[in-house]
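Each remark here refers to the structure printed beneath this line.
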Amino acid sequence: MNRKDKYYKKAKKQNYRSRASFKLIEIQNKFNIINKNSYVLEFGASPGGWTQVIKQLTDMPIISIDINKMPPVDNVIFIQGDILNSNIEEQIDETMSKNNIKSIDVFLSDAMVKTSGIAEKDSYESYTICEQIMALSEEFLKTGGNVLLKQFQGEMTNEFLNKWRDKFQFYKITKPHASRKESREIYIIFKGKI
Ligand SMILES: C[S@@+](CC[C@H](N)C(=O)[O-])C[C@H]1O[C@@H](n2cnc3c(N)ncnc32)[C@H](O)[C@@H]1O
116 MNRKDKYYKK AKKQNYRSRA SFKLIEIQNK FNIINKNSYV LEFGASPGGW TQVIKQLTDM
176 PIISIDINKM PPVDNVIFIQ GDILNSNIEE QIDETMSKNN IKSIDVFLSD AMVKTSGIAE
236 KDSYESYTIC EQIMALSEEF LKTGGNVLLK QFQGEMTNEF LNKWRDKFQF YKITKPHASR
296 KESREIYIIF KGKI
């Protein structure tokens, strides 16, 4: 049985919407990013596999964003929006005010455009998304907060890490088992915003 079959079947069996759920479960078990009191803002949420996992981890409101539609997840506030559009900040701000959310404890992103197969292009687009999310974290993530980001590793990864790691108490790169070995995706964890 190959890797895809294993996680695909497991996801079906456990009623997760995508095999990606297992990446978040593994990272959470290792790094404890979310707790029961965490207000979470999730980027690149559709179809909702991570969202289902986040729901199991926190009792607090969750805001999930995707450029595409997502089938509803109970009690999850969904924003259909583009991370790279300049109005995303306003969309988040309005949604937080409307729902009486003052600040966010955890930023999560599994966002990625459809990969082209051209490594430089894919990693640059991924880097651009990650930069935008980190810029948003300066405004919405509270001191002490955590971030988990997917990034397609490339030339900009070191620059990205050098720029952001000093703004947190801890950082780490990880690659969960459910992530295909041949894929350049990595997950970057920043804990404890300073
Ligand atoms: C790998 S999928 C996420 C899977 C999800 N974590 C799950 O467990 O079901 C990546 C998502 O990123 C979204 N995405 C890509 N670029 C985006 C952008 N600029 N703004 C918002 N969402 C984006 C895609 O629409 C896609 O749904």
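If you're matching positions, the sequence shown starts at 116 in the working numbering and goes up one per residue.
Each residue gets a CB set at the ideal place from its N, CA and C atoms; glycine is no exception.
Remember, it's a predicted structure, so these values are computed and weren't measured experimentally.
Judged by the Cβ position, A160 qualifies as a neighbour of ligand 1 at the 8 Å threshold, a heavy atom of the ligand being closer than this. By the criterion of a C-beta distance shorter than 8 Å, I142 is surrounded in its chain by I148, L263, T289, P291, Y302, I304, once the five residues flanking it on both sides are discounted.
R295 is the residue among R295, F222, Q284 whose C-alpha sits nearest the C-alpha of K121. Relative to the Cα of G159, the nearest Cα in the group M175, K217, I180 belongs to I180. Of the candidates Y286, E300, M211, S298, Y286 places its Cα closest to the Cα of K308. Taking a cut-off of 8 Å on C-beta distances, the stretch 241–254 does not touch the stretch 166–178, as fewer than three cross pairs fall below it. Nearest C-alpha to I177 among D220, S252, K306, A293: D220. At a threshold of 8 Å, L139 counts as near ligand 1, since its beta carbon sits closer than that to one of the ligand's heavy atoms.
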